[in-house]
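Enquirer: Have a look at this one.
Chains as they are written, first to last, in this note's numbering: chain B, 53 to 447; chain R, 3 to 381.
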């Protein structure tokens, strides 16, 4: 394909259609459990999954396109959702206006935090398959979309691996996962999250039982993404006098740096060594803290002689080989790009969330990438993503 | 002056509390050592078991960084003997050493966590505070004492702070997240703590939030890892657990209400700091928070005006140089972390020389001593 704007957006969000699940999942089997919108007594609509409300703020997460300076308004009924949020063809016009060639697509409601994790294993798998099929329709609509898939957690690694194989056959190029499936954040926390009573029984990320999943990803060149904090829990003591706005500002720094705490699992589990071609992507996590964990892991590796634990390669080498980061507002964070390498940083817009730089993507690019040599700009803005997602770009 | 280490730890003597608390009044509730059936020793604090070294360590002094002393006899003397400690300071070219506890908690949280009786809690922190002056700071002025206070009630905390500073303490150690140390403790933003911040301002002593008061802020260890990996995991996750208390402080407006209050984040490390400040500031602007709430200071301003991060290593990835630019060298401090396993002892001189080679002299001096000298009113 040819790029018009030379921007590949490594993280935006697609709203799955309100009928995506009801049109695909068996009513006979799952009935009212199928994710769908219900009418509330207040005249709103809400997403129900497995009989439970999964969001109380609206039917879609798209405050950047709801004419609200404070970016807190969510649509309360499906009719209020602007078409570009859920319609791939309408979205293309928005991308043209904003100057974005390609979007890598992450979930929106009703998928809280990269997973269903509700109900039983059969139900979860059906939801995941329906979601993945619905998302692939975006790719069918235009090659300007790289939709990411989800995996099931309740059925074990082999079933998750099978779904990876299936979506790879379709042509998907990556999955969005929870970082630590056994301790998924609970809805009582400030940040929206998935939940499951069953989550406590799911093996830890570092459990070698997950290897068939990583093997399937590696074999199919499926890269693995964590979004924001990968649903890692952070107990934030509630201060009742904080406004919603103050809580929204309080949370991002701390929850994103939870991924800094998680990265050692990537190293200590041996996954990077056992699957040396597997690529892992931090999206909407920010990049500025990556230097902390790369430096600290190298230091611990030396200090504690971690090669004696089978981590034979220096952590910074492993992370430079297999980790990607993304950037969208960090004028300061971008200065640490050499830690992972310029070939490992991608740019993102985060349309249509409240944190997105839409509709001023090119201004944000000029601000954040100011002064960078052309080759680095190109790498960050599109070459790295093109390489990772296997996009053939004709120049 | 060459170097002030702002974050070192003492290991408390086995008879610290038994000598100072009234046995008649408190009996077996007094913190003391007991031997288990396997011969290992641990502390019993008001009936609650606390490890021999609290949540501190003496790994720098052990042959094997994984080994931990099982009995008091195995604890290396430089951990608790001030005369030997002075020699360690000389090894490392340390002019002043600012002290934190071990048994009482690296973040000073043990008594707040395990003792329910406010009078006993007060007696224990007073004993620690007196011991630190009598046995350490009073012995040699190179030791900079910092005091503990009861978590609540606040009046007792302020009273003890004043008393301790009167005896020579130069800093206050306080748990960064009180409500995670003691369930009933109010949130740190609660104005009930204001008298403490006011007293710190008046007495010109910094409040020191050391990493590790609340393990809930760190990801749990994986049971499938070896102890070596778990020790490494702890060392990696503890510093970055400062992010939440720091971010909250910057939004709480405590720093606006107490503009002369200085806050030190012990064992914070540097690499994540710029990220948290930039991110918090960006969201502050994106959500137009200052339009809703009358903030005088944005997050970065508040940090720069009153907060300090503590570093103790440099990995040659440019982290320190970038931190000197943002948030700025005025907010950076350095330590040897003696005698924790992560300590740079006995190679601190070489380490500092390598760092100094990369920084202009004025930046080097600020980080290694002049910021700390101003903070603690030294030299």
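Cβ atoms here follow ideal geometry from the backbone N, Cα and C, with glycine treated the same way. None of these values were measured; they are calculated from a predicted model.
1. Measuring only the C-alpha atoms, how far is residue 286 of chain R from residue 253 of chain R?
2. Taking the runs of the beta strand (DSSP E) that are 3 residues or longer, which of them lie wholly in the segment 377-427 of chain B?
3. Using a Cβ distance threshold of 8 Å, determine whether the segment 274-288 of chain B contacts the segment 276-290 of chain R, with at least three qualifying pairs required.
4. In the DSSP output, what is residue 235 of chain R paired with across the bridge?
5. What's the gap between the Cα of residue 238 of chain B and the Cα of residue 359 of chain B?
6. Give the residues of chain R in contact with residue 44 of chain B, contact being defined as C-beta atoms less than 8 Å apart.
7. Rounded C-beta distance between residue 204 of chain B and residue 177 of chain B? I'm assuming under 8 Å.
8. Can you give me the C-alpha to C-alpha distance between residue 439 of chain B and residue 106 of chain R, rounded to a whole angstrom?
9. Label residue 213 of chain B either buried or exposed according to how many other C-beta atoms from any shown protein chain fall within 10 Å of its C-beta, with 16 as the threshold for buried.
10. Can residue 234 of chain R and residue 183 of chain R be called in contact, C-beta distance under 8 Å?
11. Answer yes or no: do residue 127 of chain B and residue 106 of chain B have a C-beta to C-beta separation smaller than 8 Å?
12. Could you tell me if residue 93 of chain B is buried or exposed, where buried requires 16 or more neighbouring beta carbons within 10 angstroms of its beta carbon?
13. With a 10 Å radius around its C-beta and 16 neighbouring C-beta atoms as the bar for buried, classify residue 316 of chain R as buried or exposed.
14. Classify residue 374 of chain R: buried if its beta carbon has 16 or more other beta carbons within 10 angstroms, exposed otherwise.
15. Could you check how far apart the C-beta atoms of residue 237 of chain R and residue 354 of chain B are, in whole angstroms? I think they sit under 8 Å.
16. Can you pull the DSSP bridge partners for residue 334 of chain B?
17. Would you be able to state if there are at least three C-beta pairs under 8 Å between the segment 331-342 of chain B and the segment 198-213 of chain R?
18. What ranges does the beta strand (DSSP E) occupy inside the segment 182-270 of chain B, keeping only unbroken runs of at least 3 residues that lie completely in it?
19. Taking just the CA atoms, how far does residue 364 of chain R sit from residue 243 of chain B?
20. Look up residue 313 of chain R in the DSSP assignment and say whether it is helix, strand or coil.
21. Is DSSP giving residue 271 of chain R helix, strand or coil here?
22. Run through DSSP, which three-state label would residue 181 of chain R get?
23. With distance defined between alpha-carbon atoms, name the residue in R:239, R:198, R:136 and R:199 nearest to residue 218 of chain R.
24. If you draw a straight line from the alpha carbon of residue 145 of chain B to that of residue 113 of chain B, how long is it in whole angstroms?
25. Does DSSP put residue 98 of chain B in a helix, in a strand, or in coil?
26. Output, in chain order, the set of chain R residues within a Cβ distance shorter than 8 Å of residue 148 of chain B.
27. Give the residues of chain B in contact with residue 253 of chain R, contact being defined as C-beta atoms less than 8 Å apart.
28. Report yes or no: is there a C-beta of chain R within less than 8 Å of the C-beta of residue 74 of chain B?
29. Give the DSSP-derived three-state secondary structure of residue 70 of chain R in the structure shown.
30. Starting from the C-beta of residue 268 of chain R, find all residues in its chain whose C-beta is less than 6 Å away, skip the five residues before and the five after it, and write them out in chain order.
31. What residues from chain B crowd round residue 67 of chain R, counting only those whose CB sits closer than 8 Å?
32. Could you pull the start and end residues of the beta strand (DSSP E) that residue 61 of chain B belongs to?
33. Going along chain A in order, which residues have a C-beta closer than 7 Å to the C-beta of residue 274 of chain R?
34. Which of helix, strand or coil does DSSP assign to residue 151 of chain B?
35. Flag this pair as touching only if the segment 79-87 of chain R and the segment 244-263 of chain R have three or more C-beta atom pairs under 8 Å; answer yes or no.
36. Given that residue 448 of chain B touches chain R, what residues does it touch there, using C-beta distances under 7 Å?
Expert: In brief:
1. For this step, residue 286 of chain R is matched to residue 284 along the second chain. For this step, residue 253 of chain R is matched to residue 251 along the second chain. Looking at the two C-alpha atoms, the distance is approximately 9 Å.
2. 397-399
3. no
4. As a first step, residue 235 of chain R is located in the second chain; it is residue number 233 there, counting from the start. Per DSSP, none; premise fails for residue 235 of chain R.
5. Here residue 238 of chain B refers to the residue found at position 186 when the first chain is read from its first residue. Here residue 359 of chain B refers to the residue found at position 307 when the first chain is read from its first residue. With a pLDDT of 47 at residue 238 of chain B, under the threshold of 50, the modelled position of that residue is not reliable, and no figure is offered here.
6. What is shown of chain B runs 53 to 447, which leaves residue 44 of chain B out entirely.
7. As a first step, residue 204 of chain B is located in the first chain; it is residue number 152 there, counting from the start. As a first step, residue 177 of chain B is located in the first chain; it is residue number 125 there, counting from the start. Right, their Cβ atoms sit about 5 Å apart.
8. Along the first chain, read from residue 1 onward, the residue named residue 439 of chain B stands at position 387. Along the second chain, read from residue 1 onward, the residue named residue 106 of chain R stands at position 104. Between residue 439 of chain B and residue 106 of chain R, the C-alpha separation is close to 53 Å.
9. For the purposes of this step, residue 213 of chain B is identified with residue 161 of the first chain, where counting begins at 1. Classification of residue 213 of chain B: buried, given that the 10 Å Cβ count is 16 or more.
10. Along the second chain, one-based indexing puts residue 234 of chain R at 232. Along the second chain, one-based indexing puts residue 183 of chain R at 181. It is not a contact, given that the beta carbons lie outside the stated cut-off.
11. Reading the first chain from its first residue, position 75 is the one you call residue 127 of chain B. Reading the first chain from its first residue, position 54 is the one you call residue 106 of chain B. In this structure, residue 106 of chain B does not lie closer than 8 Å to residue 127 of chain B by Cβ.
12. Taking the first residue of the first chain as position 1, residue 93 of chain B is located at position 41. Exposed: under 16 other Cβ atoms inside 10 Å.
13. Locating residue 316 of chain R in the second chain gives position 314, where the first residue counts as 1. With 16 or more other Cβ atoms within 10 Å, it is buried.
14. Taking the second chain and counting its residues from 1, the one referred to as residue 374 of chain R is at position 372. Buried, since its Cβ has 16 or more Cβ neighbours within 10 Å.
15. Mapped onto the second chain, residue 237 of chain R falls at position 235. Mapped onto the first chain, residue 354 of chain B falls at position 302. That belief does not hold up - the Cβ atoms of residue 237 of chain R and residue 354 of chain B are roughly 12 Å apart, past 8 Å.
16. On the first chain, position 282 is the one that residue 334 of chain B refers to. Partner(s): B:278.
17. no
18. 197-199 and 226-229
19. The residue labelled residue 243 of chain B in the question sits at position 191 within the first chain. The residue labelled residue 364 of chain R in the question sits at position 362 within the second chain. Below a pLDDT of 50, predicted positions are generally treated as unreliable, and residue 243 of chain B, at 35, falls in that range; no measurement from the model is reported.
20. Stepping through the second chain from its first residue, residue 313 of chain R is reached at position 311. In the structure shown, residue 313 of chain R sits in a strand (DSSP, three-state: E or B).
21. Residue 271 of chain R sits at position 269 when you count from the first residue of the second chain. Reduced to three states, the DSSP call for residue 271 of chain R is coil.
22. For the purposes of this step, residue 181 of chain R is taken as the residue at position 179 of the second chain. Residue state, collapsed to three classes: helix.
23. Sequence index remark: in the second chain, residue 218 of chain R carries index 216 (1-based). Of the listed residues, the one whose Cα sits closest to residue 218 of chain R is R:239.
24. Along the first chain, read from residue 1 onward, the residue named residue 145 of chain B stands at position 93. Along the first chain, read from residue 1 onward, the residue named residue 113 of chain B stands at position 61. Near 20 Å, if we compare the C-alpha coordinates of residue 113 of chain B and residue 145 of chain B.
25. One-based indexing of the first chain puts residue 98 of chain B at position 46. Strand at residue 98 of chain B.
26. The residue you call residue 148 of chain B lines up with position 96 of the first chain. What residue 148 of chain B touches in chain R: nothing, since even the nearest Cβ is about 24 Å away.
27. Within the second chain, the letter at position 251 stands for residue 253 of chain R. Those are 294, 298, 301 and 302, listed as they occur along chain B.
28. Here residue 74 of chain B is taken as the residue at index 22 of the first chain, counted from 1. No, no contact with chain R.
29. On the second chain, position 68 is the one that residue 70 of chain R refers to. Reduced to three states, the DSSP call for residue 70 of chain R is coil.
30. Against the second chain, residue 268 of chain R aligns to sequence position 266. The residues are 9, 210, 212 and 312.
31. If you number the second chain from 1, residue 67 of chain R lands on position 65. Here the neighbours are 355 and 356.
32. Position 9 of the first chain, counted from the first residue, corresponds to residue 61 of chain B. Segment 60-65, the beta strand (DSSP E) holding residue 61 of chain B.
33. Protein chains in the displayed structure are B and R, and chain A is not among them.
34. Here the question's residue 151 of chain B lines up with position 99 in the first chain. Here residue 151 of chain B sits in coil by DSSP.
35. no
36. With chain B running from 53 to 447 in the structure shown, residue 448 of chain B is simply not present.
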